[in-house]
Amino acid sequence: MTHNDELLKNLTILYVEDEVNIRELITRFLKRRVAAVYEAQNGKEGLDIYTSHKSEIDLVITDIQMPVMDGMAMIEEILIQDAAQPIIITTAYKDSSHTSDRVCRNIFKPINLEYLTESILFCVGMSPENEAS
0 MTHNDELLKN
10 LTILYVEDEV
20 NIRELITRFL
30 KRRVAAVYEA
40 QNGKEGLDIY
50 TSHKSEIDLV
60 ITDIQMPVMD
70 GMAMIEEILI
80 QDAAQPIIIT
90 TAYKDSSHTS
100 DRVCRNIFKP
110 INLEYLTESI
120 LFCVGMSPEN
130 EAS
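In numbering that gives the first Met the number 0, the protein residues as written are 0 to 132.
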C-alpha cells in the first residue's frame, strides 16, 4: 500500500456525473481507494445525497453539464450549506462557464487518474503541497 493509498482509505466522496461510462470508470477507481463513494447522475440527485449525508462527505467531485440540475447550480447550493466544502469540477470544456474559482480544482476531461488522486489529496488537505505552504 502506497502512502497515498493510506491517506485516501478513510475518505468518503460524492461523485456526480451524468455519463454512465465515465461515472462507472471513476467510481470503480475511487471505490478501490477510498472508504465510500456516493454516486449521482445529475446535480439534483447529488444535492439530495449531499444534504442527507453532508457530515460524512469529505469531498465532492462533479461534472458541470448535466440534465435536471447542472453542476454549477448544485455547487452553489452545496456552498450555501457548507462554504468550506472541498469540491472538484470535472469538465470537457475549458471556458469560464464550465469552471469556477470557488472550487478547489478544475480538472479537464479526459481525466488523468494520477492527477485526480493528487487533486483529491490536495483538496482534503493531505497533499505534500499543503504541508509546504
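Don't be surprised by glycine CBs; every beta carbon is placed ideally from N, CA and C. All values derive from a computational prediction rather than experimental measurement.
Outcome for residue i when other beta-carbon atoms lying within 10 angstroms are tallied against a minimum of 16
i: E5; result: exposed
i: S54; result: exposed
i: Y14; result: buried
i: L112; result: exposed
i: A34; result: exposed
i: T116; result: buried
i: S136; result: It is not possible to answer for residue 136, since the shown part of the chain is limited to 0 through 132.
Strand pairing of residue i, partner residues [DSSP]
i: N105; result: I88
i: E38; result: Y14
i: L58; result: I12
Same chain only: Cβ atoms within 6 Å of residue i, ignoring 5 sequence neighbours per side
i: K30; result: V36
i: E130; result: With a pLDDT of 46 at E130, under the threshold of 50, the predicted position of this residue should be treated as unreliable, though the coordinate-derived value follows. Contacts found: none.
Nonlocal neighbours in the same chain, by C-beta distance under 7 Å from residue i, ignoring five residues either side
i: K108; result: T89, T90, A91
Own chain partners of residue i with C-beta closer than 8 Å, once the 5 adjacent residues on each side are dropped
i: I110; result: I21, I25, T89
i: Q80; result: Y49, T50, K53
Residue from the options whose Cα sits closest to the Cα of residue i
i: K93; options: R32, D62, T11, L112; result: D62
Next on the checklist: Measuring CB atoms only, is the stretch 103-120 touching the stretch 69-81, in the sense that at least three cross pairs come out at less than 8 Å?
Outcome noted: Result no; under three Cβ-Cβ pairs closer than 8 Å.
Checklist entry - Is the stretch 109-122 touching the stretch 78-87, taking contact as three or more C-beta pairs under 8 Å? => result Contact between the stretch 109-122 and the stretch 78-87 is present: three or more C-beta pairs spanning the two stretches fall below 8 Å.
Checklist entry - So does the stretch 15-30 actually touch the stretch 61-71, counting three or more Cβ pairs closer than 8 Å? => result Segments in contact, yes.
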